[in-house]
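Data block below; observations after.
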Amino acid sequence: MKYLTGSLILFLIILPLSGGKIDKYADLILIKGKVLTMDKGLKITEAVAIKNNKILQTGKNNELLKLKGERTKVISLKGKTIIPGLHDAHLHFESGANLILNRIDLRFLNKEEILKKIEESVKISPEGALIRAYSYNQTYFKDKKWPDRYDLDKVSPENPVIVTRVDGHSIWVNSKALEMAGITRDTKDPQGGELLRFKDNSPTGILKENAEMLVNKINGPKMVVPGARGKDHILNAIKYANKLGLTSVTTSGGIKLIEHLKTLEKKGLLSLRFNVWITPEEMDNLINKGIGFNEGSDKIKISFVKLFSDGSVGSASAAFFKPYLHRPDSRGILIQPVPELENIIKKIHKNNWQVGVHAIGNRAVHIVLDSVEKAQKLYGVKGLRHRIEHTQFIIDNDLNRFNNLQMVPSMQPTHCTSDLLVVEERVGKDRARQGYRWNSFKKKGTLLAFGTDWPVEPLDPRRGLYSSVERKNIESNIPEGEWFPEERISITDAIKYYTYGSAYASFNEKRLGSIEKGKLADLTIYDGDLMELSNQNKRGLLKVPVFMTIMDGRIIFSIK
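Written as structure tokens, this is what we have:
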């Protein structure tokens with residue numbers, strides 16, 4: 000120090016003192032809100048202070064206003080609800096983004112409306128263009144029956160048409176598509192797939208599960224989607240997600256999506272956190288490169304390895320212990336043989352990666368639990384929080400096994416309120432009672448992770464929050480009472496599973512999922528009192544606007 004000048008010494012002494020004084024002030028203070036912190040004990044308070052990209056403090060208005068400096072921005076929320084940033088624990092982001100721009104949306108339409116939209120696209124598309132559409136659901140048809148190829152032939156005799164069912168587990172194609180794919184009455188069902196057939200054994204045009212791949216090689220000129228505009232599909236969808244209050248997602252997409260996201264991150268355009276799941280083949284490649292599970296940045300992380308056990312209830316391909324009522328010859332479809340599934344899970348577990356297995360029917364869920372248990376007996380538990388994606392039907396004896404095996408049920412509340420239109424006619428009331436058992440899991444102390452499965456269901460989290468507290472179909476408001484109301488949960492539990500539960504499932508709970516000092520400042524603010532709405536006007540939850548979305552302490556969406 001003796002070699003420094005007096006003025007420099009004085010500067011070094013003053014710098015930390017003045018820096019310390021400035022550091023105590025917040026960048027942003029939100030006051031006069033209803034803050035649901037979602038930390039232990041569910042503290043409800045009034046205000047949140049943010050410094051840089053983290054939560055500085057929560058508490059009473061007058062306490063936090065002491066953190067106001069000359070540059071502090073203060074926003075009065077007038078009773079609006081502040082919750083941790085919403086995290087969709089299971090969706091297909093790139094598929095949803097592509098569909099917005101490149102496919103015809105058929106959600107909630109009847110058959111006549113669907114055919115009209117397809118015909119409109121055929122008229123403005125090039126000759127021979129492949130017409131693609133998504134999210135049809137025959138439960139909205141007058142007869143609720145499977146459509147067939149002849150329905151599509153009426154509006155598109157020369158253009159091949161491929162329409163994906165809302166659950167993604169079956170497709171509906173026209174005769175031209177079958178012809179181009181070489182599918183005839185002699186075509187055999189592939190392993191893990193099924194062709195629905197007329198009495199003469201000719202294909203109806205409904206292809207389930209792995210049978211969908213039979214039309215993968217069909218191509219043609221690019222179709223025209225009425226009203227679509229060309230943009231960066233991912234960036235366009237990110238902005239859409241921010242408007243809905245989302246700050247994080249766990250999604251399919253693999254390495255290709257990760258590379259796209261890194262490009263957006265370098266440009267400063269990434270306003271959504273991504274946990275991207277991968278395939279077993281991608282896991283092998285990453286292991287060879289020395290890259291492990293859960294690696295990445297605060298915004299982009301490699302997530303679990305995704306597998307499939309069965310199909311869906313709507314497509315009658317979910318695997319149950321007993322046959323379907325309308326198909327006494329079928330207990331659903333197992334996508335791959337059980338020994339093969341077990342071996343893959345063992346390999347993933349041995350290599351210290353989290354696995355997430357799609358399983359909907361009670362038999363499929365049971366098989367996955369057995370497979371994880373066998374892997375843990377061989378290699379130890381390891382705390383990998385293996386997941387079952389959807390977990391829609393589960394027998395009583397399997398409820399406790401999630402805690403015993405340290406597993407997470409990743410569930411989508413809107414699947415319940417959409418599927419209730421067909422579940423009982425598919426599997427009967429007794430098995431229907433085994434479905435969508437949120438409250439049963441809660442009573443066992445099991446932490447759930449909530450999401451949407453977008454684009455299977457709409458991305459809007461409000462639909463999931465509503466479905467959690469009132470088990471009724473959103474479009475028709477049926478049944479008159481609630482559907483197995485003993486399984487509904489409170490709005491605070493629903494928010495917990497959509498925030499902290501999703502963060503926990505993706506190993507992010509130490510930095511996200513609750514509003515606590517030191518955690519990243521991701522917040523969703525609704526322009527209304529969610530707790531009051533859930534008590535007095537549940538359907539009001541479907542319309543309460545997102546007032547503001549904050550990520551990393553930065554406002555990424557505001558209604559103003």
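Per numbering that gives the first Met the number 0, the very first residue in the sequence shown carries number 0; after that it's consecutive.
Ideal placement from N, C-alpha and C gives every residue a C-beta, glycine not left out.
Ignore the nearest five residues each way along the sequence and tell me which others in residue i's own chain have a CB closer than 8 Å to its CB.
| i | result |
| --- | --- |
| F307 | I334, Q335, V356, H357 |
| K242 | V545, T548, F556 |
| F440 | L398, F401, P408, L447 |
| P322 | D328, S329, R330 |
For a test of the three-state rule: what should DSSP assign to residue i, helix, strand or coil?
| i | result |
| --- | --- |
| R487 | coil |
| H348 | helix |
| T44 | strand |
| R644 | This structure cannot speak to residue 644, because the chain is shown only from 0 to 559. |
| E193 | strand |
| T138 | helix |
| T262 | helix |
| S6 | The predicted position of S6 is uncertain, since its pLDDT is 40 and thus under 50; no value can be drawn from it. |
| S120 | helix |
| R553 | strand |
| R131 | strand |
| K20 | Note that K20 has pLDDT 48, beneath the 50 cutoff, so the model's placement of it is unreliable and the number below is only indicative. The answer is helix: DSSP assigns K20 an H, G or I state. |
| L532 | helix |
| V34 | strand |
| G512 | coil |
| K115 | helix |
| I170 | strand |
| V337 | helix |
| G204 | strand |
| A25 | coil |
| I473 | coil |
Can you tell me where the beta strand (DSSP E) with residue i in it begins and where it stops?
| i | result |
| --- | --- |
| W276 | 272-277 |
| F546 | 545-550 |
| G564 | As displayed, the chain neither begins before 0 nor continues past 559, which places residue 564 out of reach and without an answer. |
| R164 | 160-164 |
| A520 | Looking at the DSSP string, A520 is not in any beta strand (DSSP E), and its letter there is neither H nor E. |
| A358 | 354-358 |
| I81 | 80-83 |
Apart from the five residues just before and just after residue i, which ones in its own chain have a Cβ nearer than 7 Å to its Cβ?
| i | result |
| --- | --- |
| G427 | L324 |
| F107 | Y139, E474 |
| Q137 | K143, K144, W145, P146 |
| K518 | K53, I54, R510, L511 |
| E508 | Y499, A502 |
| S120 | I103, I130, M222, V223, V224, P225 |
| D150 | K110, L114 |
| R148 | V172, N173, S174, L177, T203, G204 |
| E341 | S370, K373 |
Taking C-alpha atoms, which residue in the options lies nearest to residue i?
| i | options | result |
| --- | --- | --- |
| R330 | E339, P338, F320 | F320 |
| A25 | P156, V47, V354 | V47 |
| D528 | L27, V34, K175 | V34 |
| F219 | A128, Q535, M212, V73 | Rather than Phe, the amino acid found at residue 219 in this sequence is Gly. That would be A128, whose Cα lies nearest to the Cα of G219. |
| L377 | N361, K345, N351 | K345 |
| R386 | I332, L64, L446 | L446 |
| E208 | D309, T186, G295 | D309 |
| V248 | L263, S466, D526, G84 | G84 |
| E388 | F449, L63, S169 | F449 |
| K79 | K42, E531, K373 | E531 |
So, for residue i: in the same chain, excluding its five sequence neighbours on each side, which residues have a beta-carbon less than 6 Å away from its beta-carbon?
| i | result |
| --- | --- |
| W437 | E486, I488 |
| R131 | R102, I161 |
| M179 | P159, I217 |
| L105 | I113, A132, S134, Y135 |
| E118 | V154 |
| R184 | N200, S201 |
| I560 | Residue 560 falls outside the range modelled here, since the chain spans only 0 to 559, and no answer is possible. |
Start and end of the alpha helix (DSSP H) containing residue i?
| i | result |
| --- | --- |
| Q411 | First-last for Q411: undefined, no H or E at that position. |
| F401 | 400-403 |
| R386 | Careful: R386 lies outside any alpha helix (DSSP H), inside the beta strand (DSSP E) at 386-389. |
| W437 | 437-442 |
| F320 | Careful: F320 lies outside any alpha helix (DSSP H) and carries neither H nor E. |
| L368 | 361-378 |
| F92 | 92-101 |
| G463 | 460-468 |
| K305 | Looking at the DSSP string, K305 is not in any alpha helix (DSSP H); the run it does join, the beta strand (DSSP E), is 299-307. |
| L234 | 232-242 |
| L151 | 148-152 |
| G500 | 499-504 |
Three Cβ pairs or more, each shorter than 8 Å: is that satisfied between the region 443-458 and the region 85-97? yes
Whether or not the region 385-396 and the region 430-449 are in contact is what I'm after, with contact meaning three or more pairs of Cβ atoms, one per stretch, closer than 8 Å; do they touch? By the Cβ test, the region 430-449 is in contact with the region 385-396, since at least three Cβ pairs between them sit closer than 8 Å.
Touching or not, the region 112-126 and the region 257-275, by the rule of three or more beta carbon pairs under 8 Å? Counting C-beta pairs with one atom in each stretch, the region 112-126 and the region 257-275 have fewer than three that are closer than 8 Å, which means they do not touch.
Quick test of the definition: if touching needs 3 or more C-beta pairs under 8 Å, does the region 202-214 touch the region 232-240? no
Inter-stretch contact at 8 Å, needing at least 3 Cβ pairs: the region 67-81 / the region 28-42: Counting C-beta pairs closer than 8 Å gives three or more between the region 67-81 and the region 28-42, which meets the contact rule.
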